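**Student:**
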Amino acid sequence: MPAPAMHSDIFLLPLSIGASVGVTVGTPRISEVAQVMAAGAPVWQPILYSLLLLVMLVGVIGAVVPALPGISLVLGSVILWGFVVGFSSLKWALGVTIVATVLSVLIDYLAGVLGAQRVGASTWGQVGAFIGMFLGLFGLLPFLPTGIPLLGLLLGTVIGAFIGEFLHRRDLKLGQRMTQSGKVGLAIVVGTLVGNVLQGILALIAFVVFVVTTWQGVLGML
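Using this note's numbering, count along the sequence shown one by one with no gaps and you end on 401.
Shown next as C-alpha coordinates:
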(Lines of atoms letter the chains of each structure in order from A; the text may use other names.)
(Lines give C-alpha, C1' and ligand atoms only; values in the text may rest on other atoms or scores of the structure.)
Protein backbone atom coordinates (compact mmCIF):
# COMPACT_ATOMS: atom_id res chain seq x y z
CA MET A 180 0.00 0.00 0.00
CA PRO A 181 1.66 3.28 -1.05
CA ALA A 182 2.58 5.71 1.68
CA PRO A 183 0.42 8.78 1.88
CA ALA A 184 1.93 11.85 0.30
CA MET A 185 3.18 14.43 2.80
CA HIS A 186 2.63 17.90 1.53
CA SER A 187 5.01 20.71 2.52
CA ASP A 188 2.01 22.85 3.49
CA ILE A 189 1.43 20.55 6.48
CA PHE A 190 4.89 21.33 7.86
CA LEU A 191 4.55 25.04 7.18
CA LEU A 192 1.24 25.24 9.03
CA PRO A 193 2.72 25.29 12.59
CA LEU A 194 5.25 27.89 11.51
CA SER A 195 2.54 30.12 10.13
CA ILE A 196 0.49 29.68 13.29
CA GLY A 197 3.51 30.48 15.46
CA ALA A 198 4.32 33.51 13.37
CA SER A 199 0.80 34.84 13.60
CA VAL A 200 0.12 33.88 17.22
CA GLY A 201 3.18 32.87 19.17
CA VAL A 202 5.59 35.55 18.02
CA THR A 203 3.06 38.33 18.08
CA VAL A 204 1.74 37.45 21.51
CA GLY A 205 4.81 36.11 23.28
CA THR A 206 7.50 38.48 22.00
CA PRO A 207 7.04 42.22 22.62
CA ARG A 208 7.65 44.49 19.70
CA ILE A 209 10.23 47.26 19.71
CA SER A 210 7.54 49.95 19.82
CA GLU A 211 6.00 48.30 22.88
CA VAL A 212 9.36 48.22 24.67
CA ALA A 213 9.87 51.90 23.90
CA GLN A 214 6.43 52.70 25.29
CA VAL A 215 7.22 50.84 28.51
CA MET A 216 10.52 52.68 28.91
CA ALA A 217 8.87 56.02 28.23
CA ALA A 218 6.17 55.23 30.76
CA GLY A 219 8.81 54.45 33.39
CA ALA A 220 10.90 57.59 32.79
CA PRO A 221 8.64 60.00 34.75
CA VAL A 222 9.11 57.85 37.85
CA TRP A 223 12.66 59.10 38.38
CA GLN A 224 12.50 62.47 36.65
CA PRO A 225 10.40 64.20 39.36
CA ILE A 226 12.76 62.79 41.98
CA LEU A 227 15.76 64.19 40.13
CA TYR A 228 13.94 67.50 39.72
CA SER A 229 13.39 67.74 43.49
CA LEU A 230 17.04 66.98 44.18
CA LEU A 231 18.13 69.65 41.71
CA LEU A 232 15.89 72.18 43.44
CA LEU A 233 17.61 71.40 46.73
CA VAL A 234 21.02 71.81 45.10
CA MET A 235 19.89 75.15 43.68
CA LEU A 236 18.76 76.35 47.09
CA VAL A 237 22.19 75.46 48.44
CA GLY A 238 23.64 77.52 45.59
CA VAL A 239 21.45 80.51 46.50
CA ILE A 240 22.67 80.31 50.09
CA GLY A 241 26.24 79.83 48.93
CA ALA A 242 26.00 82.95 46.78
CA VAL A 243 25.46 84.97 49.95
CA VAL A 244 27.88 83.09 52.22
CA PRO A 245 31.52 83.51 51.11
CA ALA A 246 33.78 80.48 50.59
CA LEU A 247 30.80 78.31 49.60
CA PRO A 248 29.73 77.32 46.05
CA GLY A 249 27.09 79.70 44.82
CA ILE A 250 25.40 80.33 41.51
CA SER A 251 27.59 77.74 39.80
CA LEU A 252 25.41 75.10 41.49
CA VAL A 253 22.32 76.73 39.99
CA LEU A 254 23.86 76.79 36.52
CA GLY A 255 25.02 73.18 36.79
CA SER A 256 21.56 72.04 37.88
CA VAL A 257 19.89 73.80 34.95
CA ILE A 258 22.31 72.23 32.48
CA LEU A 259 21.81 68.78 33.99
CA TRP A 260 18.03 69.11 33.74
CA GLY A 261 18.47 70.21 30.14
CA PHE A 262 20.24 66.96 29.33
CA VAL A 263 17.32 65.06 30.85
CA VAL A 264 14.34 66.81 29.23
CA GLY A 265 15.99 68.76 26.42
CA PHE A 266 17.11 72.37 26.22
CA SER A 267 14.25 73.56 24.02
CA SER A 268 12.06 74.11 27.09
CA LEU A 269 14.85 75.75 29.10
CA LYS A 270 15.67 78.72 26.90
CA TRP A 271 14.55 81.32 29.42
CA ALA A 272 15.89 79.51 32.47
CA LEU A 273 19.27 78.76 30.90
CA GLY A 274 19.63 82.24 29.43
CA VAL A 275 18.80 84.00 32.70
CA THR A 276 21.12 81.70 34.67
CA ILE A 277 24.05 82.31 32.31
CA VAL A 278 23.57 86.07 32.49
CA ALA A 279 23.27 85.90 36.29
CA THR A 280 26.47 83.86 36.47
CA VAL A 281 28.43 86.35 34.37
CA LEU A 282 27.12 89.26 36.43
CA SER A 283 28.01 87.45 39.65
CA VAL A 284 31.61 87.03 38.53
CA LEU A 285 31.82 90.74 37.65
CA ILE A 286 30.22 91.77 40.94
CA ASP A 287 32.57 89.54 42.90
CA TYR A 288 35.55 91.18 41.24
CA LEU A 289 34.28 94.75 41.48
CA ALA A 290 33.10 94.48 45.08
CA GLY A 291 36.37 93.01 46.29
CA VAL A 292 39.00 94.80 44.23
CA LEU A 293 37.46 98.22 43.62
CA GLY A 294 36.14 98.48 47.16
CA ALA A 295 39.61 97.84 48.54
CA GLN A 296 41.35 100.09 46.05
CA ARG A 297 39.01 102.93 46.88
CA VAL A 298 40.57 103.23 50.33
CA GLY A 299 44.06 102.48 49.07
CA ALA A 300 44.29 98.89 50.25
CA SER A 301 47.52 97.09 49.49
CA THR A 302 47.97 93.53 48.33
CA TRP A 303 48.96 92.62 51.86
CA GLY A 304 45.62 93.85 53.17
CA GLN A 305 43.64 91.90 50.56
CA VAL A 306 45.60 88.70 51.16
CA GLY A 307 45.22 89.13 54.90
CA ALA A 308 41.46 89.56 54.47
CA PHE A 309 41.24 86.28 52.55
CA ILE A 310 43.31 84.39 55.13
CA GLY A 311 41.29 85.85 57.99
CA MET A 312 38.03 85.01 56.23
CA PHE A 313 39.10 81.38 55.81
CA LEU A 314 40.29 81.03 59.40
CA GLY A 315 37.24 82.75 60.81
CA LEU A 316 34.80 80.70 58.76
CA PHE A 317 36.16 77.41 60.08
CA GLY A 318 36.72 78.68 63.63
CA LEU A 319 40.50 78.48 63.43
CA LEU A 320 41.18 81.82 65.14
CA PRO A 321 42.21 80.94 68.71
CA PHE A 322 41.39 84.41 70.02
CA LEU A 323 37.93 84.39 68.39
CA PRO A 324 35.98 81.46 69.90
CA THR A 325 32.62 82.61 68.57
CA GLY A 326 31.42 79.22 67.36
CA ILE A 327 29.33 81.06 64.75
CA PRO A 328 30.75 80.64 61.22
CA LEU A 329 29.24 83.83 59.76
CA LEU A 330 30.37 85.99 62.65
CA GLY A 331 33.80 84.41 62.57
CA LEU A 332 33.94 85.02 58.83
CA LEU A 333 33.18 88.73 59.16
CA LEU A 334 35.45 89.36 62.13
CA GLY A 335 38.18 87.20 60.62
CA THR A 336 38.07 89.22 57.41
CA VAL A 337 38.37 92.52 59.30
CA ILE A 338 41.17 91.27 61.51
CA GLY A 339 43.06 89.68 58.61
CA ALA A 340 42.81 92.82 56.47
CA PHE A 341 43.84 94.99 59.40
CA ILE A 342 46.91 92.87 60.21
CA GLY A 343 47.99 92.59 56.57
CA GLU A 344 47.64 96.31 55.95
CA PHE A 345 49.29 97.19 59.26
CA LEU A 346 52.34 95.07 58.43
CA HIS A 347 52.61 96.66 55.01
CA ARG A 348 52.33 100.30 56.14
CA ARG A 349 55.59 100.41 58.06
CA ASP A 350 56.41 103.77 56.54
CA LEU A 351 53.54 105.45 58.41
CA LYS A 352 53.31 106.51 62.03
CA LEU A 353 51.56 104.21 64.44
CA GLY A 354 48.33 106.22 64.53
CA GLN A 355 48.18 106.53 60.75
CA ARG A 356 48.94 102.85 60.32
CA MET A 357 46.08 101.87 62.60
CA THR A 358 43.65 104.29 60.93
CA GLN A 359 44.54 103.14 57.42
CA SER A 360 44.41 99.48 58.41
CA GLY A 361 40.99 99.93 60.01
CA LYS A 362 39.63 101.64 56.90
CA VAL A 363 40.90 98.83 54.69
CA GLY A 364 39.38 96.15 56.92
CA LEU A 365 35.95 97.80 56.98
CA ALA A 366 36.00 98.60 53.25
CA ILE A 367 36.79 95.01 52.31
CA VAL A 368 34.07 93.63 54.58
CA VAL A 369 31.43 96.10 53.36
CA GLY A 370 32.35 95.46 49.73
CA THR A 371 32.21 91.72 50.28
CA LEU A 372 28.82 91.89 52.00
CA VAL A 373 27.29 94.09 49.29
CA GLY A 374 28.69 91.87 46.55
CA ASN A 375 27.41 88.72 48.23
CA VAL A 376 23.93 90.15 48.68
CA LEU A 377 23.79 91.09 44.99
CA GLN A 378 25.04 87.65 43.99
CA GLY A 379 22.41 86.06 46.20
CA ILE A 380 19.68 88.10 44.52
CA LEU A 381 20.91 87.02 41.09
CA ALA A 382 21.01 83.38 42.13
CA LEU A 383 17.49 83.65 43.57
CA ILE A 384 16.21 85.20 40.33
CA ALA A 385 17.72 82.35 38.31
CA PHE A 386 16.16 79.82 40.69
CA VAL A 387 12.70 81.40 40.46
CA VAL A 388 12.81 81.60 36.67
CA PHE A 389 13.77 77.93 36.49
CA VAL A 390 10.93 76.86 38.78
CA VAL A 391 8.32 79.01 37.02
CA THR A 392 9.25 77.72 33.57
CA THR A 393 9.57 74.03 34.48
CA TRP A 394 7.20 73.05 37.29
CA GLN A 395 4.16 72.54 35.04
CA GLY A 396 6.08 70.09 32.88
CA VAL A 397 7.14 68.12 35.94
CA LEU A 398 3.57 68.01 37.24
CA GLY A 399 2.56 66.52 33.89
CA MET A 400 4.92 63.59 34.56
CA LEU A 401 3.11 62.59 37.74
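Every residue gets a Cβ at the ideal spot worked out from N, C-alpha and C, and that includes glycine.
Bear in mind that the values here come from a model prediction, so they are computed numbers and not experimental data.
If I follow the unbroken alpha helix (DSSP H) through F313, where does it start and stop?
**Tutor:** 302-316
**Student:** Please tell me whether, using a cut-off of 7 angstroms, the distance from the CB of N375 to the nearest non-hydrogen atom of the ligand SAM is below it.
**Tutor:** This structure simply doesn't include the ligand SAM, nor any ligand for that matter.
**Student:** Do you know how far the Cα of T371 is from the Cα of E211?
**Tutor:** Bear in mind that the predicted position of E211 carries a pLDDT of just 46, short of 50, making it too unreliable to give a figure here.
**Student:** Reducing DSSP to helix, strand and coil, say where Q248 ends up.
**Tutor:** A small fix is needed here, since residue 248 is Pro in this sequence, not Gln. Here DSSP, grouped into helix, strand and coil, assigns P248 to coil.
**Student:** Assess, as a yes-or-no matter, whether the stretch 306-318 is touched by the stretch 262-274 under the definition of 3 or more beta carbon pairs within less than 8 angstroms.
**Tutor:** no
**Student:** Starting from D287, trace the alpha helix (DSSP H) both ways and give me its first and last residue.
**Tutor:** 270-288
**Student:** With 16 other CB atoms within 10 Å as the buried threshold, where does P297 fall?
**Tutor:** Before going further, note that residue 297 is Arg rather than Pro in the sequence given. Exposed, by the Cβ-count rule.
**Student:** Rank T302, L381, Q305, L330 by C-alpha distance to the C-alpha of G315 and give the top, closest one.
**Tutor:** Taking only the C-alpha atoms, the option nearest G315 is L330.
**Student:** Nearest CA to the CA of G379: which residue from T280, S229, L273?
**Tutor:** T280
**Student:** Under the assumption that P225 contacts V397 (Cβ atoms under 8 angstroms), give the Cβ distance between them as a whole number of angstroms.
**Tutor:** Their Cβ separation, rounded to whole angstroms, is 5 angstroms, which keeps P225 and V397 in contact under 8 angstroms.
**Student:** Beta carbon of F341, beta carbon of G361: below 8 angstroms?
**Tutor:** yes
**Student:** Measuring alpha carbon to alpha carbon, tell me which residue in V253, P245, V243 is nearest I277.
**Tutor:** V253
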